[in-house]
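Undergrad:
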Amino acid sequence: MVIMGPQGLTAAQVGAIWEERPLSLLNLDFVLGGPRSDDDYDAFDAFFSDHLLAERAPSLAKGNKAADRIRVEGNRFYVRGDYHAAMGKYNESICYAAPGSEQMAIACANRSAFNYEHNEFEQALVNIRLAKKHNYPERLMPKLLNRELSCKQKLAAGESKGLIPCPLMYINVETNPKIPFLAKGIHMEVLPDFDRSMVADRDFRTGDVILDEKCILAVVDAERRYHRCGHCSTEGFYSLIPCPHCVSVMYCSEKCLEWDWKYVHRFECAVSDKLQYISYGHVAMGSKLFLYGLSLFNDDLDEMMRYFETLEKSGGNALDLDYTEYDPLEEWKDLCNVKVVEPGIVFAYRNENFARLAGSAHCYMLLKNPAVAAIVNTPAKRTFMYQRVRDFVRLANFYKWESFSSPLCPVASLFNHSCDANAVATIHSDKIRIVVLRPIRAGEQICVSYGPSWWDKPDPTPYRAHFECKCVACDPEKYDEWRAEGREPPASFFKNAETAIAVLGDELANNAAKYNAITQLIEKYAYLHPQKNFAALLYKHQESLRTLIDDEDGTYHRTIAHAKLEEEDE
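Pasting the structure below:
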């Protein structure tokens, strides 16, 4: 998806969800009566042990009775036409169902019906095979077999929505010799008001894909856990598979399931329901990064502690790494090197208190898992764990892309926010891609928008999230002079814009043609920026990019499903 807002939710809706979470309710009590010192984790442990909200954390287990009840709820949503909610319930039912049970099989069959009705025939066939694998009842088999036959006939007749990816959405410029997913001609430097920043060494054109980075790991909030992969955050709810042990995590593939178990989820699984209960949004990245690092140190916490004893933070720079000889431990160490620059005393105080609360709360729940407690088994080790998780929660603010799911991509995190962005960040399955929005000249900072764009802002009131934006569209002292740079468009602009918009509205034109029409127009008239008519083109560009990304995601998942079917047929 295009990073233009948190998954279609308004700030008020996101705030309402936050206010209902235990972490929010704990926050006030923590500020008023929580531990004052970071020296000793056991003080935090005592605080949570005495708090009713922490003790109310659920203990959920798989069970066919619950699976059946949840699936019936999904059917009610389906009948009402709320297909997104229905699929969430079918996936939740699959999480609760015992493998090989009738409940598991019927929920997979329900997903196949959803896929069939939405012309996702490859995905329907995958779910039909899953239903058969899990002993779909004979009394219902004729209907399932008819659906299977119909899917095959439709695919044979060429009715697939498509398996051919769009070449426009892959990196299309010369790449960095040591970072093959980043364009050549970009460096990191520290800039006033922005700290770490990505700066162009060469010119880039509208439509250039300058980053195509696969995530290390991701956080998925309870709000999205039955819609997204717990490792890479892919929105693959057509055919997600459950963790075989808990009811709180799903995956887009066996590969993601195996990776997450090896590096992170083996520590979370026994208490995953408690972690989901106490967590919110991006903050789980703190504990995930700690657990990932522990795995990279081969579960040797003493060795991990010795590394931090000698660490002097230099600021970190992922561009110094050689990704052609990928070393995940060195990449993780670079993340530990990053310095958090707090934007103002109010944000610093708020962020610090929240990091202490969220970090200690996650440690409290994780230490209820014997697998974690056996490793983190002394007061000094518990305090070390808390301090690292707390520090990673601070960093998580700067790595997050969305409110309820967010992939971690170290290089992508170097691109700062501006309401006057010259590039667009997109989440495409398990990757973050950055595409040039309007021409970028050598020496300019490359920025994306984490939220608003300047044409949405009625005045230069600063955008505030976990930081205060200091771009030209938010700085009252620079705003008027910057807007005065906009030039009135010539008559040819309106004629060419009308032609391009006609292409965008043409149902027979493919997405590539539409995308080319708008990018060529922006490239030609970029000198008008920041003029209001030109802003309308930038908005159209973002919309065409949104459509292209959505279609590309669908193509990606269909291709995976098609490959899976062919592999099983061999």
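Numbering of the sequence shown is given in the UniProt record's numbering, commencing with residue 1 and proceeding in unit increments. Cβ atoms here follow ideal geometry from the backbone N, Cα and C, with glycine treated the same way.
Compute the beta-carbon to beta-carbon distance between residue 579 and Pro410, rounded to the nearest angstrom, for a pair I have assumed lies under 8 angstroms.
TA: Absent from the model: residue 579. The displayed extent of the chain is 1 to 570, so no value can be given.
Undergrad: Assuming Leu291 and Phe308 are in contact, meaning their beta carbons sit under 8 angstroms apart, how far apart are those beta carbons, in whole angstroms?
TA: Here the question's residue 291 lines up with position 291 in the sequence shown. Here the question's residue 308 lines up with position 308 in the sequence shown. The pair is not a contact, with the Cβ atoms about 15 angstroms apart (cut-off 8 angstroms).
Undergrad: On the DSSP bridge assignment, give the partners of Ala183 in chain order.
TA: The residue labelled residue 183 in the question sits at position 183 within the sequence shown. Answer is Thr175, bridged to Ala183.
Undergrad: Which residue wins for smallest C-alpha separation from Ala67, given the options Ser93, Pro180, Asp42?
TA: Within the sequence shown, residue 67 is the residue found at index 67, counting from 1. Closest option to Ala67, judged by alpha-carbon separation, among Ser93, Pro180, Asp42: Ser93.
Undergrad: How should Met141 be labelled, buried or exposed, when 16 other C-beta atoms within 10 angstroms of its C-beta is the threshold for buried?
TA: In the sequence shown, counting from the first residue as 1, residue 141 sits at position 141. So Met141 counts as exposed.
Undergrad: Can you grab the Cα-Cα spacing for the pair Val173 / Gln123, in whole Å?
TA: Here the question's residue 173 lines up with position 173 in the sequence shown. Here the question's residue 123 lines up with position 123 in the sequence shown. Near 33 angstroms, if we compare the C-alpha coordinates of Gln123 and Val173.
Undergrad: Does the Cβ of Thr519 have 16 or more other Cβ atoms within 10 Å, making it buried, or fewer, making it exposed?
TA: Position 519 of the sequence shown, counted from the start, is the residue given in the question as residue 519. The residue in question, Thr519, is buried, as its Cβ has 16 or more Cβ neighbours within 10 Å.
Undergrad: Alpha carbon to alpha carbon, how far is Ala131 from Arg433? Give it in angstroms, no decimals.
TA: For the purposes of this step, residue 433 is taken as the residue at position 433 of the sequence shown. For the purposes of this step, residue 131 is taken as the residue at position 131 of the sequence shown. The straight-line gap from Cα to Cα measures roughly 35 angstroms.
Undergrad: In this structure, how does DSSP classify Pro439 when only helix, strand and coil are distinguished?
TA: Along the sequence shown, read from residue 1 onward, the residue named residue 439 stands at position 439. Coil, per DSSP.
Undergrad: Does the beta-carbon distance from Tyr386 to Ala57 come in below 7 angstroms?
TA: Within the sequence shown, residue 386 is the residue found at index 386, counting from 1. Within the sequence shown, residue 57 is the residue found at index 57, counting from 1. Their beta carbons are not under 7 angstroms apart, which means Tyr386 does not touch Ala57 by this criterion.
Undergrad: Find out if the Cβ-Cβ distance for the pair Cys215, Glu552 is shorter than 7 angstroms.
TA: Locating residue 215 in the sequence shown gives position 215, where the first residue counts as 1. Locating residue 552 in the sequence shown gives position 552, where the first residue counts as 1. No.
Undergrad: Going straight from the alpha carbon of Glu468 to that of Ile106, what length do you get?
TA: As a working mapping, residue 468 is identified with position 468 in the sequence shown. As a working mapping, residue 106 is identified with position 106 in the sequence shown. If I take the Cα positions, the gap works out to 50 angstroms.
Undergrad: Counting pairs of beta carbons, one from the region 425-445 and one from the region 206-213, are three or more of them closer than 8 angstroms?
TA: They touch, by the three-pair rule.
Undergrad: From Arg76 to Ile128, what does the alpha carbon distance come to, in whole angstroms?
TA: By one-based count along the sequence shown, residue 76 stands at place 76. By one-based count along the sequence shown, residue 128 stands at place 128. Roughly 21 angstroms between the two C-alpha positions.
Undergrad: Consult DSSP for Ile164 and reduce its assignment to one of helix, strand or coil.
TA: Looking up residue 164 in the sequence shown gives position 164. DSSP, reduced to helix, strand and coil, places Ile164 outside both helices and strands of the structure shown, so it counts as coil.
Undergrad: Within the continuous alpha helix (DSSP H) that includes Ser150, where are the two ends?
TA: Within the sequence shown, residue 150 is the residue found at index 150, counting from 1. That run of the alpha helix (DSSP H) goes 141-156.
Undergrad: Name the residue from Pro177, Gly162, Lys178, Leu182 whose alpha carbon lies nearest to the alpha carbon of Ile171.
TA: Here residue 171 refers to the residue found at position 171 when the sequence shown is read from its first residue. Nearest C-alpha to Ile171: Leu182.
Undergrad: Which of helix, strand or coil does DSSP assign to residue 571?
TA: With the chain covering 1 to 570 only, the question about residue 571 has no answer from this structure.
Undergrad: Let me confirm a value: Gln13 is counted as buried when at least 16 other C-beta atoms fall within 10 Å, else exposed. Which label applies?
TA: Taking the sequence shown and counting its residues from 1, one reaches residue 13 at position 13. Per the 10 Å Cβ criterion, exposed.
Undergrad: Please determine whether the Cβ atom of Ile432 lies at a distance below 6 angstroms from any heavy atom of the ligand FMN.
TA: Judged by which ligands are present, the structure shown has none, so any question about the ligand FMN falls away.
Undergrad: So the candidates are Arg487, Lys288, Gly505; which of them puts its Cα closest to the Cα of Tyr525?
TA: Taking the first residue of the sequence shown as position 1, residue 525 is located at position 525. The residue with the shortest Cα to Cα distance from Tyr525 is Arg487.
Undergrad: So, with DSSP's three-state summary, where would you put Leu408?
TA: Along the sequence shown, one-based indexing puts residue 408 at 408. Reduced to three states, the DSSP call for Leu408 is coil.
Undergrad: How many angstroms separate the CA atom of Glu567 from the CA atom of Glu254?
TA: The residue labelled residue 567 in the question sits at position 567 within the sequence shown. The residue labelled residue 254 in the question sits at position 254 within the sequence shown. Computed Cα separation, rounded: 14 angstroms.
Undergrad: Quick one: what's Ala188 bridged to in DSSP?
TA: As a first step, residue 188 must be located in the sequence shown, where it is residue number 188. Going by the sequence as given, residue 188 is Met instead of Ala. DSSP output for Met188 lists Met198 as bridge partner(s).
Undergrad: According to DSSP, what are the bridge partners of Met250?
TA: Here residue 250 is taken as the residue at index 250 of the sequence shown, counted from 1. For Met250, which the question treats as bridged, DSSP gives the partners Pro242.
Undergrad: Is it buried or exposed for Lys288, if we count other Cβ within 10 angstroms and need 16 for buried?
TA: As a working note, residue 288 is residue 288 in the sequence shown. Result: buried.
Undergrad: Give me, in chain order, the residues of the same chain whose beta-carbon lies closer than 7 angstroms to that of Asn135; leave out the 5 immediate sequence neighbours on both sides.
TA: Position 135 of the sequence shown, counting from 1, holds the residue named residue 135. Answer for Asn135: Gly100, Glu102, Ala105, listed in chain order.
Undergrad: Tell me which residue opens and which closes the alpha helix (DSSP H) that His562 is part of.
TA: Here residue 562 refers to the residue found at position 562 of the sequence shown. Unbroken alpha helix (DSSP H) run through His562: 532-569.
Undergrad: Find the nearest neighbour of Ile70 within the set Asp40, Asn27, Tyr226, judged by alpha-carbon distance.
TA: In the sequence shown, counting from the first residue as 1, residue 70 sits at position 70. Nearest option by C-alpha distance: Tyr226.
Undergrad: Helix, strand or coil: how does DSSP classify Cys229 here?
TA: Residue mapping note: residue 229 aligns to position 229 of the sequence shown, counting from 1. Here Cys229 sits in coil by DSSP.
Undergrad: If we call anything under 7 angstroms between Cβ atoms a contact, is Leu60 one with Pro22?
TA: Your numbering for residue 60 matches position 60 in the sequence shown. Your numbering for residue 22 matches position 22 in the sequence shown. Cβ atoms of Leu60 and Pro22: not closer than 7 angstroms.
Undergrad: Using a Cβ-Cβ cut-off of 7 angstroms (strictly less than) and excluding sequence neighbours within five positions of Ile345, which residues of its own chain qualify?
TA: Within the sequence shown, numbered from 1, the residue matching residue 345 stands at position 345. Low local confidence applies: a pLDDT of 42 at Ile345 is under 50, so the model's placement there is unreliable, with the coordinate-based value given in what follows. Within the same chain, Ile345 has no close Cβ partners at all.
Undergrad: Short of 6 angstroms in beta carbon distance, which residues of its chain neighbour Leu26, apart from the five on each side in sequence? Order them along the chain.
TA: As a first step, residue 26 is located in the sequence shown; it is residue number 26 there, counting from the start. If we look at Leu26 and ignore the five residues flanking it on each side, its Cβ neighbours are Leu53.
Undergrad: Under the rule that 16 or more other beta-carbon atoms within 10 Å means buried, what is Tyr349, buried or exposed?
TA: In the sequence shown, counting from the first residue as 1, residue 349 sits at position 349. In this predicted model, Tyr349 has a pLDDT of only 46, less than 50, meaning its place in the structure is not dependable; the value taken from the coordinates is given anyway. Exposed, since its Cβ has fewer than 16 Cβ neighbours within 10 Å.
Undergrad: Tell me, to the nearest whole angstrom, how far the beta carbon of Tyr238 is from that of Asn115; I am working on the premise that it is less than 8 angstroms.
TA: Position 238 of the sequence shown, counted from the first residue, corresponds to residue 238. Position 115 of the sequence shown, counted from the first residue, corresponds to residue 115. 6 angstroms between Cβ atoms; contact.
Undergrad: Between the region 375-383 and the region 297-304, are three or more C-beta pairs nearer than 8 angstroms?
TA: With a cut-off of 8 angstroms, the region 297-304 and the region 375-383 count as touching, because enough Cβ pairs lie within range.
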